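Encoded as structure tokens, the structure appears first; notes follow it.
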Amino acid sequence: MNAYLYCIFLSLIFMFVTIYYSRKRSLDLRYCIFWLAISSALIILSINKNILDTISKRIGIYYPPALLFVTGIIFSFLLAFILTIEVSDLKRRVINLTQELAILKSTSEADDE
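Structure, rendered in structure tokens:
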């Protein structure tokens with residue numbers, strides 16, 4: 024199978040899976056938009072070989088389809104970074120909520136006595 028067709032095939036599958044989970048409300052809208060943008064960019068780069076050839080030559084990549092995979096990897100790292108920020112924020116919020124709950128319980132127990 025041609026590398027370009029393989030990339031188009033994988034990007035289309037990924038796009039449909041993203042839409043499926045978005046419609047089921049399993050995927051947040053901001054992540055859905057992120058993944059749809061990535062899939063669309065990879066499809067456009069796969070369909071129009073001239074854009075891919077021009078960009079890969081300017082970057083210094085000699086095998087243009089490799090640029091598709093590099094682009095996917097870079098976006099995956101970007102998503103991992105965004106998710107790390109989200110996890111850190113959620114951890115901070117859980118700690119704050121736990122402390123507030125402990126304060127409420129202690130004041131409730133003090134009022135009962």
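For the sequence shown, counting from 1, position 108 maps to 131 in the working numbering; every step adds exactly one.
All C-beta atoms in this analysis are idealised placements derived from N, C-alpha and C, irrespective of residue type, glycine included.
Note that this is a predicted model, so its numbers are computed, not measured.
Between the alpha carbons of residue 55 and residue 122 lies a distance of about 33 Å. Between residue 31 and residue 66, the gap from beta carbon to beta carbon is short of 7 Å.
Distance check between residue 72 and each of 61, 88, 46 places 88 closest, using alpha-carbon atoms only.
The way I'd put it, the segment 34-50 doesn't touch the segment 76-86; fewer than three beta-carbon pairs between them come closer than 8 Å. Distance from the CA of residue 103 to the CA of residue 124, rounded to the nearest whole angstrom, comes to 31 Å. C-alpha of residue 77 to C-alpha of residue 45: approximately 34 Å in a straight line. In the three-state reduction of the DSSP assignment, residue 31 falls in the helix class, which pools H, G and I.
In the three-state scheme derived from DSSP, where H, G and I count as helix and E and B as strand, residue 50 is classed as coil.
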